[in-house]
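Positions 14 to 170 (the working numbering) are the ones given, in order, by the sequence shown.
See structure below.
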Amino acid sequence: MKHIISALVENKFGVLARIAGLFSARGFNIGSLAVGETEDPSVSRITIVVNADDRILEQVKKQLNKLVDIISVTDLTKKGFIDRELLLFKVDVDQSNKAKVGHFLEKNHAKILHSGARSVTVEFVGDQQHVSKLLESLKEYGINDVVRTGRIALAKE
14 MKHIISALVE
24 NKFGVLARIA
34 GLFSARGFNI
44 GSLAVGETED
54 PSVSRITIVV
64 NADDRILEQV
74 KKQLNKLVDI
84 ISVTDLTKKG
94 FIDRELLLFK
104 VDVDQSNKAK
114 VGHFLEKNHA
124 KILHSGARSV
134 TVEFVGDQQH
144 VSKLLESLKE
154 YGINDVVRTG
164 RIALAKE
């Protein structure tokens, strides 16, 4: 099962390396990882998506909580949460389909950042389902140079 782990950590050198090392030492592949400062510049939030069963994940959470620079660790999977992912990518276009692709992107709340003769560079923000659906819908045109931030998430009230 995929779990979304949110960790508040002290914004110090080496914290991310120790956390990533903890996961790799147990043979877990991190599906996505996003890190950024919070409203307090001395604290960062790390969002980790990992595929693991509940028992193993409980062990990982205990190990994370033992790390000195960890403030808190929360498995958002079993709580209500909101998640998003930022996606930048290029879609192949030509004169015959450029307007059609542009209309489709606009209808799906994607933003064209740059329009060239052979491709458009697009920004899209959405949950994982919408990101996958948009990419699947655009495959027929050709998608290139995809960059994804990984999921970020916050618990609901």
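Glycine included, every Cβ here is placed at the ideal spot set by N, Cα and C.
Which value, in whole angstroms, describes the spacing of the CA atoms of residue i and residue j?
i, j, result
"residue 139", "residue 163", "11 Å"
"residue 50", "residue 35", "21 Å"
"residue 88", "residue 79", "16 Å"
"residue 29", "residue 102", "27 Å"
"residue 166", "residue 66", "20 Å"
"residue 19", "residue 141", "17 Å"
"residue 111", "residue 122", "17 Å"
"residue 42", "residue 27", "19 Å"
"residue 90", "residue 107", "42 Å"
"residue 52", "residue 75", "26 Å"
"residue 71", "residue 37", "16 Å"
"residue 32", "residue 156", "33 Å"
"residue 146", "residue 152", "10 Å"
Kindly give me the distance between the Cβ atoms of residue i and residue j, rounded to whole angstroms, as I take these residues to be in contact under 8 Å.
i, j, result
"residue 62", "residue 95", "The pair is not a contact, with the Cβ atoms about 14 Å apart (cut-off 8 Å)."
"residue 133", "residue 100", "In fact, because the Cβ distance is near 14 Å, the residues do not count as touching under 8 Å."
For residue i, report the span of its alpha helix (DSSP H) as first-last.
i, result
"residue 78", "67–79"
"residue 119", "111–120"
"residue 33", "28–38"
Where does the unbroken beta strand (DSSP E) through residue i begin, and where does it stop?
i, result
"residue 148", "Here residue 148 belongs to no beta strand (DSSP E); instead the alpha helix (DSSP H) covers 141–151."
"residue 20", "15–23"
"residue 57", "56–64"
"residue 47", "43–50"
"residue 53", "Here residue 53 belongs to no beta strand (DSSP E), and DSSP marks it neither H nor E."
"residue 90", "Counting along the chain, residue 90 falls outside any beta strand (DSSP E), and DSSP gives it neither H nor E."
"residue 124", "124–128"
"residue 159", "156–161"
Would residue i and residue j qualify as a contact pair, given that the criterion is a beta-carbon distance under 8 Å?
i, j, result
"residue 93", "residue 168", "yes"
"residue 21", "residue 85", "yes"
"residue 105", "residue 131", "yes"
"residue 39", "residue 73", "yes"
"residue 148", "residue 136", "no"
"residue 83", "residue 77", "yes"
"residue 8", "residue 64", "What is shown of the chain runs 14 to 170, which leaves residue 8 out entirely."
"residue 58", "residue 98", "no"
"residue 23", "residue 56", "yes"
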